[in-house]
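>
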Amino acid sequence: RAKEDGRGVFRYFEAQMDFAQRERRILEQEMHQALEEEEFRLCYQPMISADSGYICCMEALIRWDHPIRGEISPGEFISIAEQSNLIVEIGKWTLLTACRAAADWPDNVCVSVNVAATHFMRSDIVADVATVLESTGLDGRRLEIEITEGLLIEDSEDVINRLAALKRLGCAIVMDDFGTGYSSLSYLLKFPFDRLKIDQSFIADIGRGASARAILMAIASLGENLGIKITAEGVETREQLSFLQDIACDQLQGYLFSQPVPHADVAPMMLRNFIDTSALVALPQDET
Ligand code: C2E
Ligand code: MG
Ligand code: MG
Ligand code: MG
Numbered sequence: 502r503a504k505e506d507g508r509g510v511f512r513y514f515e516a517q518m519d520f521a522q523r524e525r526r527i528l529e530q531e532m533h534q535a536l537e538e539e540e541f542r543l544c545y546q547p548m549i550s551a552d553s554g555y556i557c558c559m560e561a562l563i564r565w566d567h568p569i570r571g572e573i574s575p576g577e578f579i580s581i582a583e584q585s586n587l588i589v590e591i592g593k594w595t596l597l598t599a600c601r602a603a604a605d606w607p608d609n610v611c612v613s614v615n616v617a618a619t620h621f622m623r624s625d626i627v628a629d630v631a632t633v634l635e636s637t638g639l640d641g642r643r644l645e646i647e648i649t650e651g652l653l654i655e656d657s658e659d660v661i662n663r664l665a666a667l668k669r670l671g672c673a674i675v676m677d678d679f680g681t682g683y684s685s686l687s688y689l690l691k692f693p694f695d696r697l698k699i700d701q702s703f704i705a706d707i708g709r710g711a712s713a714r715a716i717l718m719a720i721a722s723l724g725e726n727l728g729i730k731i732t733a734e735g736v737e738t739r740e741q742l743s744f745l746q747d748i749a750c751d752q753l754q755g756y757l758f759s760q761p762v763p764h765a766d767v768a769p770m771m772l773r774n775f776i777d778t779s780a781l782v783a784l785p786q787d788e789t
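For what it's worth, full-length UniProt numbering labels the leading residue of the sequence shown as 502, then goes sequentially.
1) For Gln760, which three-state DSSP category applies?
2) Below 7 Å between beta carbons: does that hold for Arg544 and Ser613?
3) Name the one or two DSSP bridge partners that Ile674 has.
4) DSSP three-state call for Glu539: helix, strand or coil?
5) Give the DSSP-derived three-state secondary structure of Asp706 in the structure shown.
6) Between residue 467 and Gln746, how many whole angstroms is the CB-CB distance? I'm expecting something under 8 Å.
7) May I ask you to list the residues that DSSP assigns as paired with Ala599?
8) Residue range of the beta strand (DSSP E) that Asn726 falls in?
9) Mark Glu537 as exposed unless 16 or more other C-beta atoms lie within 10 angstroms of its C-beta, in which case mark it buried.
10) I need the boundaries of the beta strand (DSSP E) containing Thr732, first residue and last residue.
11) Comparing C-alpha positions only, which one of Arg642, Lys730, His533 and Ala521 sits nearest to Trp565?
12) Along the chain, which unbroken stretches of the beta strand (DSSP E) at least 3 residues long are found entirely within the stretch 515-590?
13) If we count Cβ pairs, one from each stretch, closer than 8 Å, do we get three or more for the stretch 585-592 versus the stretch 663-671?
14) Is the number of C-beta pairs between the stretch 707-720 and the stretch 760-777 that are closer than 8 Å three or more?
15) Applying the 10 Å Cβ sphere with the 16-neighbour rule, what's the burial state of Arg773?
16) Using a 10 Å radius around the Cβ and a threshold of 16 neighbouring Cβ atoms, would you call Gln741 buried or exposed?
17) Do Thr637 and Ala604 have their CB atoms nearer than 7 Å?
18) Which of the three DSSP states, helix, strand or coil, is assigned to Arg654?
Next comes the structure, spelled out in structure tokens:
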């Protein structure tokens, strides 16, 4: 009997796996269509300078408005796109759309684009970026490329050379989700990053114990000594903000300042282009 039950459970999982695989295949097919039908759009989330409160950069974050399923987040479809050449098509579209938008913003505001490791490796990323800068007229110094540590696992000359070529185009190279990889610190020796974005899990832990705060302090002083700017992502509370200001973190990003907003809402935000962080700290603590 037990054996029979075991088989039943196995069949159940098999059916579930089948279902998940079919779902992925359907989404993949629909993504081809989505590119043609222009169902993708970019939202932008500001990064602010911790000491002035000015917006220094807007991060482009992709959204998929599926005609039936509604809005799908990148967490659900980027990994599927990465299994085929779709990631290159989507990546090129994102670069072009983000740079075109940024060309209309004030000169002192940059745009940052997340580039998947698979796009970076399968395409001539340097040519992709050069083409987009050329066609949009955006100064390369206003484009930041966010990569994750996964790319550096490749450990090839090739990756390092491409990153260096992107820097020669003027682009800043940002390590996203810093601290979540297997050897985050050793990657700092491999390549001269312009900025580290500390993963939001560390920020979420600020109020939960001294260890996270000690790690953040160490990263901040590491950045200062290596001449690498530090960005904190996922800042949600005033407590987190005041701690990050105390340790002299350079840039801040998170729901406390702004959610990612649609393209149409960027212009009004630019007109204000100032978030008074001192006023934020002075206010009573949030419930959150
Ligand atoms: P990421 O680059 O680390 O982006 C940060 C994610 O955290 C975004 O989720 C953002 O909306 C969210 N976030 C921002 N502030 C807060 C906060 O205060 N609290 C919390 N809990 N979350 C916050 P999103 O937009 O769903 O993107 C998820 C991931 O998908 C991104 O992580 C990035 O790795 C990837 N992604 C997004 N857009 C693109 C794209 O155009 N191309 C590629 N290749 N990947 C993308
Ligand atoms: Mg990012
Ligand atoms: Mg991140
Ligand atoms: Mg992330």
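Even glycine gets a Cβ: it sits at the ideal position worked out from N, Cα and C.
The structure says:
1) coil
2) According to the sequence displayed, residue 544 carries Cys and not Arg. In this structure, Ser613 does not lie closer than 7 Å to Cys544 by Cβ.
3) Ile646
4) coil
5) coil
6) This structure does not reach residue 467, given that the chain is present from 502 up to 789, and the question cannot be answered.
7) Answer is none; Ala599 lacks a bridge partner.
8) Note, Asn726: premise wrong, no beta strand (DSSP E); alpha helix (DSSP H) at Ala711 to Leu727.
9) exposed
10) Lys730 to Ala733
11) His533
12) 541-550, 556-567 and 571-573
13) no
14) no
15) exposed
16) buried
17) yes
18) The displayed chain sequence assigns Ile, not Arg, to residue 654. DSSP places Ile654 in helix when its eight states are reduced to three.
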